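Numbering (the working numbering), first residue to last: 857 to 1044.
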């Protein structure tokens, strides 16, 4: 048996133990309704309580002030992280398995919302810590969930500082999950 195969099996088992330790089953919504945590009437059905247009001016001013406090978008934060890393943008998006066209779309549209997989691929290629990775994917509207074995697998690699998209994709594929990227394994 070759050395690479033994290492892959050892890594597979290590990832399995990590997932077993950290996995939290999703809550059953019907149980939450039974416990009274969610009720059919808990969400408003209309916005009749919203003041008429005469009273909306202060609300608009407040909303404008809140929006000015908004943090950098995913694209803005990504560009800052690439600059801080000292790497060339082409190297970063290439290692992440992102096409030049897709990267250009992200770069040129501050409000662009990538997929969770794209955001995670960038976090991995940039060697971000778990907190930094969660911040970056959070700016795209996502989070790593303890009730997702796929997310736990990715979190394992970030915590272990194994920043190789190809290895992560292989481990995802071995468990029946879709890869972070659809590219073929890079040649060394």
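Beta carbons: idealized from backbone N, C-alpha and C, even for Gly.
Remember, predicted model here, so these are calculated numbers, not experimental data.
When you compare only the Cα positions, how much space is there between residue i and residue j?
{"i": "residue 1032", "j": "residue 971", "result": "19 Å"}
{"i": "residue 1035", "j": "residue 984", "result": "19 Å"}
{"i": "residue 877", "j": "residue 1010", "result": "14 Å"}
{"i": "residue 932", "j": "residue 965", "result": "9 Å"}
{"i": "residue 948", "j": "residue 986", "result": "18 Å"}
{"i": "residue 950", "j": "residue 873", "result": "31 Å"}
{"i": "residue 940", "j": "residue 1000", "result": "24 Å"}
{"i": "residue 869", "j": "residue 914", "result": "58 Å"}
{"i": "residue 955", "j": "residue 936", "result": "19 Å"}
{"i": "residue 1015", "j": "residue 875", "result": "13 Å"}
{"i": "residue 918", "j": "residue 973", "result": "35 Å"}
{"i": "residue 1018", "j": "residue 916", "result": "46 Å"}
{"i": "residue 1038", "j": "residue 864", "result": "21 Å"}
{"i": "residue 957", "j": "residue 963", "result": "10 Å"}
Suppose contacts are defined by Cβ-Cβ distances below 8 Å. Is residue i in contact with residue j by that definition?
{"i": "residue 978", "j": "residue 934", "result": "yes"}
{"i": "residue 1027", "j": "residue 871", "result": "yes"}
{"i": "residue 1021", "j": "residue 953", "result": "yes"}
{"i": "residue 946", "j": "residue 938", "result": "no"}
Leaving out five residues on either side along the sequence, give the residues of the same chain with a beta carbon under 7 Å from the beta carbon of residue i.
{"i": "residue 881", "result": "1003"}
{"i": "residue 975", "result": "930, 992, 993, 996 and 998"}
{"i": "residue 1024", "result": "980, 1010, 1013 and 1036"}
{"i": "residue 967", "result": "929"}
{"i": "residue 866", "result": "none"}
Ordered along the chain, which non-local residues of its own chain (more than five positions away) have a Cβ less than 8 Å from that of residue i?
{"i": "residue 879", "result": "1002, 1003, 1005 and 1008"}
{"i": "residue 1029", "result": "1035"}
{"i": "residue 837", "result": "There is no way to answer for residue 837, as the model of the chain reaches only from 857 to 1044."}
{"i": "residue 961", "result": "968"}
In chain order, what residues of the same chain have a beta carbon less than 6 Å from the beta carbon of residue i, not counting five sequence neighbours either side?
{"i": "residue 903", "result": "Because the pLDDT at residue 903 is just 45, under 50, the model does not fix this residue reliably, and the point stays unresolved."}
{"i": "residue 982", "result": "937 and 941"}
{"i": "residue 959", "result": "949"}
Span of the alpha helix (DSSP H) holding residue i?
{"i": "residue 930", "result": "930–941"}
{"i": "residue 838", "result": "Within the shown structure, residues of the chain are numbered from 857 to 1044, placing residue 838 beyond reach of any answer."}
{"i": "residue 1020", "result": "Residue 1020 -> no alpha helix (DSSP H), and no H or E assigned at all."}
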